[in-house]
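S.K.: Sequential numbering from -19 applies to the sequence shown in the working numbering.
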Amino acid sequence: MHRVIISGIGVEIPEASITNEELVASFNAWVDAENPKRAGQGLEPLSKSDADFIVQASGVRKRHVIEREGILDHTRMAPRIAARADDDLSLEAEFGIASARKALAHAGVEPADVDLVICSASHHQRPYPAIAIEMQQSMGTRGAGFDMGLGCSSAAAGLHVAAGLVRAGVQKRVLVTTPEIITGHLNFRDRQTHFIFGDASASMVVEAIEEDEVRPGCFEVLDTRLWTQLSNNIRTNLGYLTRTAQEDPYMIELEGNMIKQVGNRVFKDVTVAGHRFIVDFLAEHGQTPDDIRRFWLHQANARMNAMILKLSFGHEVGHDRAPMVLERLGNTAGAGAVIALEENHADMKAGDYGLLCAFGAGYSIGGALLRMM
Ligand code: COA
-19 MHRVIISGIG VEIPEASITN EELVASFNAW VDAENPKRAG QGLEPLSKSD ADFIVQASGV
41 RKRHVIEREG ILDHTRMAPR IAARADDDLS LEAEFGIASA RKALAHAGVE PADVDLVICS
101 ASHHQRPYPA IAIEMQQSMG TRGAGFDMGL GCSSAAAGLH VAAGLVRAGV QKRVLVTTPE
161 IITGHLNFRD RQTHFIFGDA SASMVVEAIE EDEVRPGCFE VLDTRLWTQL SNNIRTNLGY
221 LTRTAQEDPY MIELEGNMIK QVGNRVFKDV TVAGHRFIVD FLAEHGQTPD DIRRFWLHQA
281 NARMNAMILK LSFGHEVGHD RAPMVLERLG NTAGAGAVIA LEENHADMKA GDYGLLCAFG
341 AGYSIGGALL RMM
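Dropping the structure here:
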């Protein structure tokens, strides 16, 4: 068995951003245009969205997005992303490569030193050829690449797979990339979910080290863990069979087939499962939350993280113990916990423990117990 480290972390955040106020103005303009039509059809009027509600309910103030004008155009309400030729780099691969190059530079390794690319994200732009193979070809990594996903636990799941392969000696150095272009699948006409997500890409380089080797500033991956339990409370029905249920299979009906969630059920279920996961996972290593210098949790809801931590510790803990990035980025799906890690580890000392823990659709929870070298 080999010792495993995260030798590099990279994050790419799109330049464009949307504040709650801008998003709500667009949503409400659409409601104003829809309601007279609905009244004519005898339908209930749609309710407006509210920027104050969004901050209080979720903690999100703004989000960065791949393309903002199409989202804010209330006659469209979706990002406008031009199709690319088959021979051109796809957007997801490009976004993945942007964070991957930073992770490789941080690790001080060349693409040719990587022998596996895992592109693990909530959504993939297409089923095949795998986005990871496109990244492999474009960057010049060796070996192979494949795509996988586990909702918002995608990066943690990718790390679980990568660490297992490296620990077993199957791969020497794995690039785990989580490019989340989640606005592409978000229903901006759904008041319950339109404010939640933002786009971001995060990558980690996972590699083996010698038994007695020390790499100062890197994290040793002591253990990883995954937990899943079926729930339809966060679900999308958009898939390759969607069209086959429709009268006209050549026109995809999106309404009802995009991301939907029962937010308050997810909140309760994942808070309970999340804190149990943390306490049990740490206990397996003879530790309690008090032994952990820093928690990098999934960035879905500030109140939810506060509750998970309170249940785990028995008291409230502050930003220094469990930093949040969602206020300015929104929920960036699988990328969120890795962004929290990338932005909040430079002050950690050798021997400090940290816990990366992501949770979301599935339900799924993924964790990694790390120790600063
Ligand atoms: N603007 C104004 N009011 C809104 C609104 C909006 N955009 N969206 C919902 N509301 C209203 C609801 O209609 C409801 O009104 P009612 O009480 O009159 O019925 C009220 O606000 C409360 O709705 P609820 O859904 O219970 O809100 P909440 O406090 O649970 O917050 C979430 C909603 C989505 C922010 C929260 O449940 C959450 O973050 N859940 C976890 C989601 C998650 O982790 N997902 C994982 C994805 S990886």
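All C-beta atoms, glycine included, are put in the ideal place defined by N, C-alpha and C.
Keep in mind the model is a prediction, meaning the values are calculated, not measured.
Per DSSP, GLY(-12) is paired with what?
M.R.: VAL185
S.K.: Within its chain, find whatever has a CB closer than 8 Å to the CB of HIS54; leave out the 5 residues flanking it on each side and keep chain order.
M.R.: Setting aside the 5 residues that flank it on each side, HIS54 is surrounded in the same chain by SER6, PHE7, ALA9, TRP10, ALA13, each with a C-beta closer than 8 Å to its C-beta; the list follows chain order.
S.K.: Pick out whichever of SER102, PRO159, ASP95, ILE111 has its Cα sitting closest to the Cα of HIS142.
M.R.: Position check: residue 142 holds Ala in this sequence, whereas His was assumed. Comparing Cα-Cα distances from ALA142 to each of SER102, PRO159, ASP95, ILE111, the minimum goes to ASP95.
S.K.: Work out the CA separation of ILE319 and VAL40 for me, nearest whole Å.
M.R.: 15 Å
S.K.: By the three-class DSSP mapping on this structure, what secondary structure does VAL297 have?
M.R.: coil
S.K.: Output the boundary residues of the beta strand (DSSP E) element that contains LYS42.
M.R.: 42 to 44
S.K.: Sort GLY20, ARG169, ILE176, GLY125 by Cα distance to GLN151 and report the nearest one.
M.R.: GLY125
S.K.: Could you pull the start and end residues of the alpha helix (DSSP H) that ASP12 belongs to?
M.R.: 0 to 20
S.K.: Using the Cβ count rule (16 or more neighbours within 10 Å means buried), how would you classify ASN217?
M.R.: So ASN217 counts as exposed.
S.K.: What residues in its chain sit with their C-beta under 8 Å from that of ARG351, if we drop five residues either side in the sequence?
M.R.: Apart from the 5 residues on each side of it in sequence, ARG351 sits with its Cβ closer than 8 Å to the Cβ of PHE199, GLU200, LEU202, GLY331, ASP332, TYR333, GLY334 in its chain, given in chain order.
S.K.: What are the residues that DSSP puts in a beta bridge with GLY125?
M.R.: VAL97
S.K.: Considering only heavy atoms of the ligand COA, does any lie closer than 8 Å to the CB of ARG171?
M.R.: Proximity of the beta carbon of ARG171 to the ligand COA is indicated: a heavy atom of the ligand is located closer than 8 Å.
S.K.: Does DSSP put ASN281 in a helix, in a strand, or in coil?
M.R.: ASN281 falls in the coil class under three-state DSSP.
S.K.: Relative to the C-alpha of GLY219, which candidate in ASN311, PRO303, ASP179, ARG106 has its C-alpha closest?
M.R.: ARG106
S.K.: I'd like to know whether the C-beta atoms of TYR343 and ASN244 end up nearer to each other than 9 Å.
M.R.: No, they are not a contact pair.
S.K.: ARG81 and MET119: beta carbons closer than 9 Å?
M.R.: yes
S.K.: For GLU160, which residues does DSSP report across the bridge?
M.R.: ALA180
S.K.: Identify the continuous beta strand (DSSP E) that holds PHE175 and give its terminal residues.
M.R.: From DSSP, PHE175 is part of no beta strand (DSSP E); its letter is neither H nor E.
S.K.: With DSSP as the reference, please indicate the residues paired to THR204 in a beta bridge.
M.R.: Bridge partners of THR204: ALA348.
S.K.: Does the stretch 43 to 51 come into contact with the stretch -11 to -1, if we say contact requires no fewer than three beta-carbon pairs (one atom in each stretch) closer than 8 Å?
M.R.: With the cut-off at 8 Å, the stretch 43 to 51 and the stretch -11 to -1 touch.
S.K.: Would ASN285 and ILE176 qualify as a contact pair, given that the criterion is a beta-carbon distance under 9 Å?
M.R.: No; because the gap between Cβ atoms is not below 9 Å, this pair is not in contact.
S.K.: In angstroms with no decimal places, state the Cα-to-Cα distance between LEU234 and GLN267.
M.R.: Straight-line Cα distance between these residues: approximately 47 Å.
S.K.: According to the Cβ coordinates, are PHE261 and LEU349 closer than 9 Å?
M.R.: Yes, the Cβ-Cβ distance between PHE261 and LEU349 is below 9 Å.
S.K.: Taking only heavy atoms of the ligand COA into account, decide whether any of them is closer than 8 Å to the Cβ of VAL246.
M.R.: yes
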